[in-house]
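Numbering (the UniProt record's numbering), first residue to last: 1 to 98.
Data block below; observations after.
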């Protein structure tokens, strides 16, 4: 599995960024061993919705059969956005029978 990360400028060189990445890598390793994911990328971003700032975690996943999967999740905290996206990814992989 290859991983590529895109982080917002305010997260770079912070302890929080390393904690987030560590959590992401562990969860994706578990998911990869359970489902056979080949490649994953993660992009973190901030968006405004109805006047409030939300954290966005976007994953692009390629399954071993070559089919792509794109997941995006939003939350008030980075950790929650990442965990929501991982959970959605796991549900989609399970649902698709991959």
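Here a beta-carbon is modelled for each residue, glycine too, at the ideal position from N, C-alpha and C.
Asked, Found
"The alpha helix (DSSP H) enclosing residue 22, as first and last residue numbers", "15 to 35"
"Straight-line gap, residue 89 to residue 71 (C-alpha atoms, nearest Å)", "6 Å"
"C-alpha distance - residue 52 paired with residue 46, whole-angstrom precision", "10 Å"
"Inter-residue CB distance, residue 131 and residue 81 (contact presumed, cutoff 8 Å)", "Lying before the first or after the last residue shown, residue 131 is absent from the chain, which here runs from 1 to 98."
"Member of 27, 33, 24 whose CA lies at the smallest distance from the CA of residue 63", "33"
"Expected contact under 8 Å - CB spacing of residue 44 and residue 7 to nearest Å", "5 Å"
"Length of the line joining the Cα atoms of residue 11 and residue 61", "23 Å"
"C-alpha distance - residue 15 paired with residue 79, whole-angstrom precision", "13 Å"
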